[in-house]
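Going by my numbering, the letters in the sequence shown line up with residues 86 to 551, in that order.
Glycine included, each C-beta is placed from N, C-alpha and C at the ideal position.
Fair warning: this is a prediction, and the values are worked out from it, not measured in the lab.
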Amino acid sequence: MVPSFLARERIVAGPGYSRWLIPPAALAVHLCIGQVYATSVYKNALVAHFDSSLTTIGFIFSVAIVMLGLAAGFGGAWVDRNGPRAAMFVSACFWVTGFLVAALGIALGWLWLVFLGYGVIGGIGLGIGYISPVSTLIKWFPDRPGLATGMAIMGFGGGALIASPLSGRLLELYDSSYDSTDTTSVADGSAVASLFVTLAVVYAVFMMFGAFTVRVPADGWIPDGWDPAEVKEKKLVTTANVSADNALRTPQFWLLWVVLFCNVTAGIGILEQASPMIQDFFRDGSTSTVSAAAAGGFVGLLSLANMAGRFVWSSTSDAVGRKPIYVLYLGLGLVLYLLLATVGSSSTALFVLLAAVILSFYGGGFATIPAYLRDLFGTFQVGAIHGRLLTAWSAAGVAGPFIVNGFLDAQGEPGSLTADAYQPALLTMVGVLAVGLVANLLVRPVSDRFHEPSSSGSSTRERSKA
């Protein structure tokens, strides 16, 4: 049960309501929770403040991603049942509380409280917020589900583009000795605590705007000019529905779990090492030919590629189909990884191009998966199914950095590595993507025995085209 002002029946859109108001509401939430990709701004400050290590502080991010997947997996059915307003409201409460608890932990010098706040409590807000608009967007845009989810999930990839420079400026405001343009400058811990409080206030405002703007379509609503019969003409797209519990019993769910896991594992391997990676690839002896400032620009470019890929590739999937677009993500992706491992150090332009396309596939994979699920399982409990599938993200959030860091630790000390040190990790990612490609090629229509009966008592078990 939720308070009446959050209930689904209170947010049914009336006649004339524009469905194009829904993506901004979703973006308001996703741009805020996308801050999780901007932790590098204050990571060194937390290391100094707690006299800890980068590995320990970086684990806060891993905890948040694990909690994202768990919260999405266990909370997906609740989100579908209670609607997007309740989900966005709850997400905002957890996300904002996470920042405030973490700020208290920094002020008191209690690192465990930062783990609890940002990692656990904030991670729950991440998971609920991430899936909160997905089912609603698909129902508002049955004609273009890839476009709809791409617009919203693009915000998650772009959240760091706003949060990173904003955090840098705020840290300078709270610590006059800190210079965000100087890579050797480290902000005071109290400045980070003040930053967290400020972000909590800003994010509370924007996320509540999204929560109280969002609406759900009335029963039976369809877009003007769209014929639902068109769905039957598309491959791998069903007009039937599968419950979240039944979805777990299908091979299609687990094949897509593997697909998402492989795509995310490979992408996060580059994303987590982006700045030192480009410097190491072009290291001449003990000195890199790429400056710290240029490396920072490279990270910004990758964030743009990640964000753009979520919209461009997901929208493209509406035209070419979900299965073919994942062949592109995984098949071409493994070729690009192979090129990065073998010839990526021959030119900075080539390195940047390869890495940017790889990260666009990484982002595209996130944005396209809800539409892929809708195609295979229908709209009935697609939010809950999506939430359970995101446990693959939790697993990949641990596996990706573990694989890359494990190989790099065996190659030498940070700051002295070269392109050769990255080859074992990159070639491993080629193998990971190959596994995902095979899993995607094995996807077939869901058997009609898993379909829900229609409300009239007759079966909706229409077979999709193979």
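query: Could you tell me whether the stretch 330-350 touches the stretch 407-418, where touching means 3 or more Cβ pairs closer than 8 Å?; result: yes
query: My output table needs one value for aspartate 165: the three-state DSSP class, helix, strand or coil.; result: helix
query: Thinking valine 164 and glycine 472 are a contact (beta carbons under 8 Å), I'd like their distance in whole angstroms, please.; result: 7 Å
query: Consult DSSP for arginine 473 and reduce its assignment to one of helix, strand or coil.; result: helix
query: Given this structure, state the Cα-to-Cα distance separating glycine 394 from methionine 239, to the nearest angstrom.; result: 8 Å
query: May I ask you to verify whether the stretch 188-197 touches the stretch 273-292, counting CB pairs closer than 8 Å and requiring at least 3?; result: yes
query: Are there 16 or more other CB atoms within 10 angstroms of the CB of lysine 224, so buried, or fewer, so exposed?; result: buried
query: Considering only the beta carbon of each residue, do leucine 289 and alanine 177 sit closer than 8 Å?; result: Reading off the sequence shown, one finds alanine at residue 289, where the question assumed leucine. Going by C-beta atoms, alanine 289 is nearer than 8 Å to alanine 177.
query: Does DSSP put arginine 548 in a helix, in a strand, or in coil?; result: Note that arginine 548 scores a pLDDT of 37, beneath 50, so its modelled location is shaky; the value from the coordinates is reported in the next line. In this structure, arginine 548 counts as coil in the three-state DSSP scheme.
query: So, glycine 154 versus tryptophan 398, is the Cβ gap smaller than 8 Å?; result: no
query: Could you tell me whether the stretch 333-342 touches the stretch 128-147, using the rule of 3 or more Cβ pairs below 8 Å?; result: no
query: Using C-beta distances below 6 Å, list every residue in its chain close to glycine 212, excluding the 5 sequence neighbours before and after it, in chain order.; result: Leu153, Ala156, Ala157
query: By a C-beta neighbour count over all protein chains shown, 10 Å radius and 16 as the cutoff for buried, is leucine 255 buried or exposed?; result: buried
query: Any contact of the stretch 225-235 with the stretch 451-471, i.e. 3+ C-beta pairs under 8 Å?; result: yes
query: Beta-carbon within less than 8 Å of serine 532's beta-carbon, same chain only, minus the 5 sequence neighbours each way: which residues are those?; result: Thr335
query: For the candidate residues Phe226, Thr283, Phe241, Thr221, whose alpha-carbon lies nearest to that of phenylalanine 251?; result: For the sequence presented, residue 251 should be read as leucine rather than phenylalanine. Measuring from the Cα of leucine 251, the nearest candidate turns out to be Thr283.
query: Throw me the rounded Cβ distance for the serine 388 and leucine 246 pair, which I believe falls under 8 Å.; result: 5 Å
query: Jot down the residue ranges of each uninterrupted alpha helix (DSSP H) in the stretch 456-541, minimum 4 residues, whole runs only, in chain order.; result: 467-474, 476-496, 504-526
query: Pair every Cβ in the stretch 499-517 with every Cβ in the stretch 359-368, then say whether three or more of these pairs are closer than 8 Å.; result: yes
query: How far does the alpha helix (DSSP H) with tyrosine 127 in it reach, from first residue to last?; result: 125-135
query: Does the beta-carbon of tryptophan 180 have 16 or more other beta-carbons within 10 angstroms, so that it is buried, or is it exposed?; result: buried
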